[in-house]
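Heads up, the thing below is written out as structure tokens.
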Ligand code: ATP
Ligand code: MG
């Protein structure tokens, strides 16, 4: 048996939601991609609201066969972002997600921070559900980000709420390269 390619792809096709205020949503999704790639699956992450291409995970993905990261959306650190531009870019990312999900070319599709886009009302949960409904069979999906709407949690098969117990940010330690980004 080929250990690397021993996955039963017909077992795939569920929807995960990683939400909540504690650290670990994006990194849990990346960990899943790491595992999937090891088993010969093809994975992709679309990053909503992350325009930079220098995040640690983006640099690492370039070294992996079978995993890619596409970054879209606006940087909310800059304050001159207009809402209409934000809404337009979120929809551009959703269109891209829709193409990817319906293509059947990927076994694992991660929509990173899409929950945030919905909680900011840049995207409606109904339009996201519509895109998910049209995914190719056997495509496993992960939606990450704080503030997942109830409709999305109801739709999902798996929901994890990261509980914030402590974060060093709260005692003044800013985001660290290689740990937070
Ligand atoms: P990670 O990417 O480390 O898994 P995350 O996806 O759960 O974190 P986000 O809500 O996307 O977290 O937060 C964006 C950034 O803020 C990340 O750099 C993350 O590490 C950091 N962060 C996460 N939780 C907290 C928190 N409770 N307080 C401050 N910063 C946080
Ligand atoms: Mg995140």
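In this note's numbering, the protein residues as written are 41 to 221. In this text, a Cβ means the ideal position worked out from N, Cα and C, and glycines have one as well. It should be emphasised that the depicted structure is a prediction, and the values quoted were computed from it without experimental measurement.
Asked                                                                                                                : Found
Sub-8 Å separation of residue 179 and residue 146 beta-carbons                                                       : yes
Other residues of its chain near residue 215: CB distance less than 8 Å, five sequence neighbours each side excluded : 209 and 221
Separation of residue 67 from residue 202, as counted between CA atoms                                               : 12 Å
Residue 207, buried or exposed, once every other Cβ within 10 Å from all chains shown has been counted against 16    : exposed
Neighbouring residues (CB closer than 7 Å to any heavy atom of ligand 1)                                             : 61, 62, 63, 64, 65, 66, 67, 68, 153, 184, 185, 186, 202, 204, 207, 209, 210, 215, 220 and 221
Exposed unless 16 or more other CB atoms sit within 10 angstroms - verdict on residue 59                             : buried
Whole-angstrom C-beta distance between residue 83 and residue 106, which should lie under 8 Å                        : 7 Å
C-beta atoms of residue 112 and residue 136 nearer than 8 Å                                                          : yes
CA nearest to the CA of residue 166, picked from 51, 193, 181 and 108                                                : 193
With 16 other Cβ atoms within 10 Å as the buried cut-off, status of residue 102                                      : exposed
Helix, strand or coil at residue 58 [DSSP, three-state]                                                              : strand
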